[in-house]
DNA sequence: ATAATTTATATCGTTCACGATGCAAATATA
DNA sequence: TATATTTGCATCGTGAACGATATAAATTAT
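Protein chains in written order, with this note's numbering: chain A, 1 to 148; chain B, 149 to 296.
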């Protein structure tokens with residue numbers, strides 16, 4: 001009864017904490033541009049492929065649209081993205097980068113490197129990262145199939 | 149410019165997603181008892197050591213007290229914990245388990261096992277978990293020292 | 001073509017997270 | 001001892017997350 005409940009034995013707590021701390025690490029790099037970490041994720045998605053409906057963005061980030069919609073509205077208010085109704089399908093809202101949103105990619109060019117290096121350590125190196133990625137991907141895939 | 153910004157190359161996104169999905173996995177196991185995942189974490193801390201000041205709980209979970217205080221108040225309203233002023237130090241609020249809070253440990257006895265098994269897969273096994281824990285612990289330690 | 005169903009997005013309510021700030025008790029300093 | 005500083009907790013505001021629900025457009029079935 002004792003051991004299994006120990007906080008130090010919980011994978012979930014490690015993931016939860018690591019996720020929170022890494023988000024905090026992004027904060028000083030993004031806040032100057034009025035960006036939050038989830039908003040930065042949206043930018044990553046749009047930099048890969050501009051002009052996407054809300055649904056595609058949400059699916060790519062594995063978030064619900066009711067999370068993404070208000071987030072996109074805030075980004076629209078900041079002039080980072082634009083939202084327009086779809087032409088073929090009037091239900092869709094197509095989200096695109098504004099000039100400001102595109103320019104942010106240059107401004108944030110050093111962010112991935114900076115955060116990456118702030119995480120590297122003894123056991124997390126360019127050699128071990130693929131293994132870590134693999135395990136996290138497997139965990140995510142496993143939890144996703146359970147969810148369906 | 150392209151590659152480093154790819155969502156699939158981001159450690160942060162994997163941690164963020166894995167954390168969210170594992171929290172979602174807890175939800176059906178906890179909601180029947182009116183518990184959220186962060187509240188479950190508080191219970192883990194109190195089951196290890198009853199009667200702790202807010203500060204100790206927050207530090208153990210690496211959260212701020214302004215996150216933990218309202219959370220504890222909700223748990224108090226649910227009758228899961230009690231809060232009383234400290235005797236030596238009148239500033240402290242000592243948080244303790246109620247009978248209901250203690251009984252939840254028996255009721256939730258299967259939760260760690262259930263969640264654990266829902267994560268096990270090809271690359272995440274009893275043999276590989278220690279390595280994963282080590283890497284996550286190192287990442288957390290690295291980010292914590294940067295924060296100070 | 002009309003009705004039933006599905007799909008895309010949005011709204012609402014609750015609970016975190018957390019930066020900023022306030023306040024009172026405890027401690028350190030003058 | 002009086003004053004300054006630190007400490008522990010709380011309040012406030014903002015932005016996620018997400019379950020539940022709503023609404024309108026598109027699709028399918030009758």
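All C-beta atoms in this analysis are idealised placements derived from N, C-alpha and C, irrespective of residue type, glycine included.
Residue 93 of chain A has A:85 as its beta-bridge partners, per DSSP. Per DSSP, residue 36 of chain A lies in no alpha helix (DSSP H) segment and is marked neither H nor E. Counting only residues of its own chain and dropping the five nearest sequence neighbours on each side, residue 230 of chain B has a CB closer than 6 angstroms to the CB of 244 and 246. In the three-state DSSP reduction, residue 126 of chain A falls in the coil class, being neither helix nor strand.
Using beta-carbon distances, residue 286 of chain B counts as an interface residue toward chain A, with a partner under 8 angstroms. The secondary-structure analysis by DSSP pairs residue 200 of chain B across a beta bridge with B:243.
Beta-bridge partners of residue 269 of chain B (DSSP): B:272.
Setting aside the 5 residues that flank it on each side, residue 122 of chain A has no residue in the same chain whose C-beta is closer than 6 angstroms to its C-beta. The count of Cβ pairs closer than 8 angstroms, one atom from the stretch 248 to 266 of chain B and one from the stretch 54 to 71 of chain A, stays below three, leaving the stretches out of contact. Between the alpha carbons of residue 86 of chain A and residue 94 of chain A lies a distance of about 6 angstroms. By the beta-carbon neighbour count (other beta carbons within 10 angstroms, threshold 16), residue 25 of chain A is buried.
Contact between residue 183 of chain B and residue 7 of chain A does not hold, since their C-beta atoms are separated by about 16 angstroms, which reaches or exceeds 8 angstroms. Pairing residue 152 of chain B with residue 31 of chain A, the inter-Cα distance amounts to about 20 angstroms.
If you look at residue 76 of chain A, you'll find it in the alpha helix (DSSP H) that goes 65 to 77. Of the candidates A:37, A:124, A:135 and A:119, the residue whose Cα lies closest to the Cα of residue 71 of chain A is A:37.
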